[in-house]
């Protein structure tokens, strides 16, 4: 997947991505967020900027509220 470093990814983007990872790998939200931190963010939560990191955290919070 190509990610543009100059734009902020949305909460909806991360909700979809996290849910896809959870479904595909049959793992928990905690495991999916850890996976994304390692694979998507390459261990650097601010790799795509602080706003994108914040949107990722908000997505996790929203999924937790649903669950």
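Residue numbers (this note's numbering): 5 to 71. No residue lacks a Cβ here, since even glycine has one placed at the ideal position from N, Cα and C. Computed from a predicted structure; not experimentally measured.
Non-local beta-carbon contacts of residue 25 in its own chain, meaning distances under 8 Å to residues more than five positions away in sequence, involve 31, 36, 39, 40 in chain order. In chain order, 49, 50 place their CB closer than 6 Å to the CB of residue 57, counting only its own chain and leaving out the 5 sequence neighbours on each side.
Residues of the same chain with a CB within less than 8 Å of the CB of residue 47, apart from the 5 flanking positions on each side, are 41 in chain order. Residue 71 places its beta carbon 9 Å or farther from that of residue 22. Here the alpha carbon of residue 68 sits roughly 11 Å from the alpha carbon of residue 61. CA-CA distance, residue 18 to residue 43, rounds to 14 Å.
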